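What follows is one structure encoded as structure tokens, with my remarks underneath.
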Amino acid sequence: MVETLQEPVASPGAEPVWERPRRLPHTARPVARGPRNGSLLPVTFIGPTVLLLLLVVAYPIGYSIWVSVHRTDYLVIGAPVGLRHYAALLADDVVRRDLVVSLKYVIGSLAGAVPLGLLLALLLDQRLPLSAWFRTICALPWVISQTVTALLWIWLLDPSFGPVNHLLDTLGAGRVNFLASEATALPVLVAVNVWMSYPFAMILFLAGLQTIPQEVHEAALIDGASAWRKLASVTLPLLRNTVVATCVMLTLYYFTMVTLIFTFTGGGPIGSTEVLSLRVFNETFLYWRVGQASALGVVIFGLNAVFSIVYVRVIRSAPVSA
Amino acid sequence: MKHLTHVGSWWLRGTAVILAALAVMAVAAPVAMAQTVTLRYWDFIDPKLNNPRSRALAEHIKRFEAANPTIKVTVEVLPWHQVAPQLIQAAAAGRTPDVARVLIWDLPQLVKAGTAASLNEFTDRWPASVKGDFVVDWNATVWDGRKMAIPYEHRVFVLWYRKDLLAEAGVGVPRTVDDLVTAGRALSKGATQGMVIGLSRASQASALAEWFYPMLWAGGGDLLNAQGEPIFHQAPGVRAVNTLAELVRKGAMPQAVSAYTYEEIFQGVKAGTIAMTGLGSHRVVTAREAGNLGDKLQTAPFPGYTAERPAPAHVMGWNMMMGKDSKHRDAAWKFIEHITTPESQIMTAKMTGEMPTRKSAYADPWFKTKEAGELMFWKDYMEKGGRMPRYPEKYVELSQLIADAVQEVVLRNVSAQDALAKAADRYKSLTK
Numbered sequence: 061m062v063e064t065l066q067e068p069v070a071s072p073g074a075e076p077v078w079e080r081p082r083r084l085p086h087t088a089r090p091v092a093r094g095p096r097n098g099s100l101l102p103v104t105f106i107g108p109t110v111l112l113l114l115l116v117v118a119y120p121i122g123y124s125i126w127v128s129v130h131r132t133d134y135l136v137i138g139a140p141v142g143l144r145h146y147a148a149l150l151a152d153d154v155v156r157r158d159l160v161v162s163l164k165y166v167i168g169s170l171a172g173a174v175p176l177g178l179l180l181a182l183l184l185d186q187r188l189p190l191s192a193w194f195r196t197i198c199a200l201p202w203v204i205s206q207t208v209t210a211l212l213w214i215w216l217l218d219p220s221f222g223p224v225n226h227l228l229d230t231l232g233a234g235r236v237n238f239l240a241s242e243a244t245a246l247p248v249l250v251a252v253n254v255w256m257s258y259p260f261a262m263i264l265f266l267a268g269l270q271t272i273p274q275e276v277h278e279a280a281l282i283d284g285a286s287a288w289r290k291l292a293s294v295t296l297p298l299l300r301n302t303v304v305a306t307c308v309m310l311t312l313y314y315f316t317m318v319t320l321i322f323t324f325t326g327g328g329p330i331g332s333t334e335v336l337s338l339r340v341f342n343e344t345f346l347y348w349r350v351g352q353a354s355a356l357g358v359v360i361f362g363l364n365a366v367f368s369i370v371y372v373r374v375i376r377s378a379p380v381s382a
Numbered sequence: 022m023k024h025l026t027h028v029g030s031w032w033l034r035g036t037a038v039i040l041a042a043l044a045v046m047a048v049a050a051p052v053a054m055a056q057t058v059t060l061r062y063w064d065f066i067d068p069k070l071n072n073p074r075s076r077a078l079a080e081h082i083k084r085f086e087a088a089n090p091t092i093k094v095t096v097e098v099l100p101w102h103q104v105a106p107q108l109i110q111a112a113a114a115g116r117t118p119d120v121a122r123v124l125i126w127d128l129p130q131l132v133k134a135g136t137a138a139s140l141n142e143f144t145d146r147w148p149a150s151v152k153g154d155f156v157v158d159w160n161a162t163v164w165d166g167r168k169m170a171i172p173y174e175h176r177v178f179v180l181w182y183r184k185d186l187l188a189e190a191g192v193g194v195p196r197t198v199d200d201l202v203t204a205g206r207a208l209s210k211g212a213t214q215g216m217v218i219g220l221s222r223a224s225q226a227s228a229l230a231e232w233f234y235p236m237l238w239a240g241g242g243d244l245l246n247a248q249g250e251p252i253f254h255q256a257p258g259v260r261a262v263n264t265l266a267e268l269v270r271k272g273a274m275p276q277a278v279s280a281y282t283y284e285e286i287f288q289g290v291k292a293g294t295i296a297m298t299g300l301g302s303h304r305v306v307t308a309r310e311a312g313n314l315g316d317k318l319q320t321a322p323f324p325g326y327t328a329e330r331p332a333p334a335h336v337m338g339w340n341m342m343m344g345k346d347s348k349h350r351d352a353a354w355k356f357i358e359h360i361t362t363p364e365s366q367i368m369t370a371k372m373t374g375e376m377p378t379r380k381s382a383y384a385d386p387w388f389k390t391k392e393a394g395e396l397m398f399w400k401d402y403m404e405k406g407g408r409m410p411r412y413p414e415k416y417v418e419l420s421q422l423i424a425d426a427v428q429e430v431v432l433r434n435v436s437a438q439d440a441l442a443k444a445a446d447r448y449k450s451l452t453k
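The listed protein sequences derive, respectively, from chains A and B.
Okay, so the first sequence: first residue is 61 according to the working numbering, each after it adds one.
Okay, so the second sequence: first residue is 22 according to the working numbering, each after it adds one.
Encoded structure:
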């Protein structure tokens, strides 16, 4: 890096005329400069992280892809079979059904968790009494494990002795078999997932709201913006990147979720809540078709990659303006 | 100086004694430890809990360790439906336990996956009289001439019913399917569910299996033929599924059963919200104790299509298997042998109500007492036409396909013939 100086050139007594800058003598050295001798110091610092990433991310993905093109007999990897497992997946109507269920599950959960998380974040961002206490209460569903969440809601929704049905009965609506009906099982599963995961969105949005400078809000107020106008034209545009990042993370989370669904419905009734990730689990640990399960896992990985790319392109599209 | 010398000599003697003791321990301890064997034993029963089966297991281990002071047993507890999958993974990692308790219907898969060690080197020493002492055929746990497991307990699937609720409703114990519909409707009031058969595919669809197979056999049918091809979709299977659908349509059974697993039904019985169900004989004692039901909870043979012939008993049970990676085969065999002797079986029966697998155990005077009356009734039911199917390797998947088919009939009104035929086709495609 070379610093330059501008030196006025003028006749004595005349106004200085600024000319093109000229280079400094070689004696001037820049402040910061990388080592010239090819030191391994940077590699030493980032090496362990790269190694860890290779070990826990790249290797499992690579191994899954490798297994997905081989015949398997329980956990023994056999001869290569090319894309046979992928062809079997494409021809399997159960897999197609599970893909549709997965998309409904993910999109439905996002449509619930993101707006709810945003609404609560906006409310909790206000300077209200006991807001810290409310923040803690609102975040509680996130700290409960998926297994406990599933068991809790199974009890709450039980048609014989669950409080939800007791309330419905009291109100004259009659009892509903939420988990025994194809029409209600998936919506209820989505609702339970939204209940469990909205705190994650809420916390991220709350953090995003805190980064918006107060001056921007004040400027909007001075300009006479209403609360709704401020939200729509100031807050939400500035929160856009946080919203997209939250959607990316939740999409990846929902697509790979197994425990909640396994415990809550087991994929039933009649496969109406069986998502692709649960299918991978069953194919691997119940039916021991490890090759096919790996192929399905690679498909899920591909879907997640596509969603992530789409989200990133949305972030990089039209610039934010308040 | 003399005093100091005297004290000094005591110090020297004391130090010498301590050093000598340490030297002895340093030599003896490794020798002693080398002689003590610790067996890893996988079970779904936790011996530390306070219920009949936990207490029985704790007693078995205590007696075994007392009789074999150099062998210790460490129990690793897993959920029952996770024992088989975990065993397969452990085998792939070369880390199977020394002994594991496995379900008879998981055994074919475990044998095929190479998780179990052959017991021939031990059982070949047994005389024919011992091999013939088992209630079920010796070859039920033999594959390619290799004895792969020893039966630990048997159970039959029976009709559980609340004697008090039936009396209140003025109905007798159902002996036919029609009786079941009548009684189920009469008992379905308020929070009480008259009759419950779980149709969920979760937990290996075990709740449905307990009822479906007896009804299949009652109609003269079976799951698979001798070549392993599905035949459950033929007339007897269709009849069995239609019977179950009728229970729902006529209000004897709630549609909510589509989501019920074995465990949920058991909890419902304990809670007093289920009046009748079909579950295994092995948990009756536990249900009475945990639910404070006492003799209000009774059992009877599964109703058949006619009063004279109840549905055949579905016999199954847990078995003791040696892991293929066991480094203490002799010690592991001693444990398996100990826990399956007639004496141990008698103790198990007294404490838990689980049926012995050894014929000679039933000769014990206890089985002639009033206390053993119910167990002997189950034994009688088992002997009169009880069946233990030869489960296929893909049994879990088959069960789930059948559960899905039954759910289609109950929830979507699909014909039983179409639903079962679809399940049979799918099973064929998975096993070709």
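Glycine included, each C-beta is placed from N, C-alpha and C at the ideal position.
As the structure is a prediction and not an experimental result, all values here were calculated from the model.
Select from the segment 217 to 238 of chain A all residues with a C-beta closer than 7 Å to any C-beta belonging to chain B, and list them in chain order. For the segment 217 to 238 of chain A, the residues whose beta carbon sits under 7 Å from a beta carbon of chain B are, in order, Pro219, Ser220, Phe221, Asn237.
Closer than 7 Å, Cβ to any Cβ of chain B: which residues of the segment 118 to 146 of chain A, in chain order? Within the segment 118 to 146 of chain A, the residues whose Cβ lies closer than 7 Å to any Cβ of chain B are, in chain order, Tyr134, Leu135.
Determine the direct distance from the alpha carbon of tryptophan 159(B) to that of leucine 244(B), and round the result to whole angstroms. If you take the alpha carbons of leucine 244(B) and tryptophan 159(B), they lie about 22 Å apart.
Can at least three beta-carbon pairs, one atom from the segment 245 to 260 of chain A and one from the segment 292 to 302 of chain B, be found at a separation below 8 Å? The segment 245 to 260 of chain A, when compared against the segment 292 to 302 of chain B, does not touch it at the 8 Å Cβ threshold.
One or two residues paired with glutamate 392(B) in a DSSP bridge: Note: glutamate 392(B) sits in no beta bridge, so no partner.
Can you tell me whether proline 95(A) is buried or exposed? The criterion is at least 16 other CB atoms within 10 Å of its CB, across all chains shown. Residue placement at proline 95(A) is poorly supported in this model, since its pLDDT is 49, which falls under 50; the coordinates are not used for a value here.
When you compare the CB positions of serine 241(A) and glutamine 319(B), do they come within less than 9 Å of one another, or not? no
Per-residue burial, leucine 231(A) [other beta carbons within 10 Å of its own, 16 or more giving buried]: exposed
Tell me which same chain residues have a C-beta within less than 6 Å of the C-beta of alanine 92(A), skipping the five on either side of it? Confidence at alanine 92(A) is low in this model, with a pLDDT of 49, below 50, so the placement of that residue should be treated as unreliable; the coordinate-derived value is given next. Excluding sequence neighbours, alanine 92(A) sits near nothing in its chain.
Can you give me the start and stop residues for the beta strand (DSSP E) that threonine 59(B) sits inside? 58 to 64
Please list, in chain order, the residues of the segment 345 to 365 of chain A that have any C-beta partner in chain B closer than 8 Å. Within the segment 345 to 365 of chain A, the residues whose Cβ lies closer than 8 Å to any Cβ of chain B are, in chain order, Phe345, Leu346, Tyr347, Trp348.
Three-state secondary structure assigned by DSSP to phenylalanine 323(B): coil
Quick check on glutamate 285(B) - is its C-beta less than 9 Å from some C-beta in chain A? yes
Residues of chain A with CB closer than 8 Å to the CB of alanine 37(B), please, in chain order. Near alanine 37(B) there are no residues of chain A at all, since even the closest Cβ is about 53 Å away, more than 8 Å.
DSSP on tyrosine 313(A), reduced to helix/strand/coil? helix
Please classify serine 450(B): is it buried, with 16 or more other beta-carbons within 10 angstroms of its beta-carbon, or exposed? Under the 10 Å beta carbon count, serine 450(B) is surrounded by fewer than 16 other beta carbons and is classified as exposed.
Does any residue of chain A bring its CB to less than 9 Å from the CB of serine 381(B)? no
Just to make sure I have the definition right: I need the residues of chain A whose C-beta is within less than 7 Å of the C-beta of glutamate 231(B). Which are they? Here the premise fails: no neighbours, minimum Cβ distance about 17 Å.
Do leucine 78(B) and leucine 108(B) have their C-beta atoms within less than 9 Å of each other? no
Compile a chain-ordered list of the residues in the segment 218 to 250 of chain B whose CB is closer than 9 Å to at least one CB of chain A. Along the segment 218 to 250 of chain B, going in chain order, the ones with a CB nearer than 9 Å to a CB of chain A are Leu220, Ser221, Arg222, Ala223, Ser224, Gln225.
Tell me the rounded alpha-carbon separation between asparagine 237(A) and leucine 217(A). 8 Å
State the DSSP-derived secondary structure class of glutamate 189(B), mapped to helix, strand or coil. helix
Compare the beta carbon distance of leucine 124(B) and asparagine 340(B) with 9 Å and say whether it is the shorter of the two. Using a Cβ distance threshold of 9 Å, leucine 124(B) and asparagine 340(B) count as a contacting pair.
What are the uninterrupted segments assigned as alpha helix (DSSP H) that are 4 or more residues long and contained completely in the segment 286 to 340 of chain B, given in chain order? 305 to 311
Using Cβ-Cβ distances below 8 Å, what residues of the segment 326 to 343 of chain A are close to chain B? Gly326, Gly327, Gly328, Pro329, Ile330, Gly331
Glutamate 375(B) by DSSP, collapsed to three states: which one? Coil, per DSSP.
For a quick check, are the C-beta atoms of leucine 135(A) and tryptophan 348(A) less than 9 Å apart? yes
In the DSSP output, what is glutamate 97(B) paired with across the bridge? Trp63(B)
What's the call for glutamine 225(B), buried or exposed, on a 16-neighbour Cβ count within 10 Å? buried
So, helix, strand or coil for threonine 207(A), using DSSP? helix
Considering only the alpha carbon of each residue, which of Lys93(B), Trp126(B), Asp127(B), Pro106(B) lies closest to aspartate 119(B)? Lys93(B)
Where do the N-terminal and C-terminal ends of the alpha helix (DSSP H) with leucine 115(A) fall, by residue? First-last for leucine 115(A): undefined, no H or E at that position.
Beta-ladder partner(s) of threonine 132(A), from DSSP: Ile137(A)
Please state whether DSSP places proline 505(B) in a helix, a strand or coil. Any question about residue 505(B) goes unanswered here, given that chain B covers just 22 to 453.
Rounded to whole angstroms, what's the CA-CA distance from leucine 536(B) to histidine 254(B)? Just pull it up for me. Absent from the structure is residue 536(B), since the part of chain B shown begins at 22 and ends at 453.
State the DSSP-derived secondary structure class of glutamate 67(A), mapped to helix, strand or coil. With a pLDDT of only 48 at glutamate 67(A), under 50, the local geometry of the prediction cannot be trusted, and the value read off the model is given with reservation. It is coil, neither helix nor strand.
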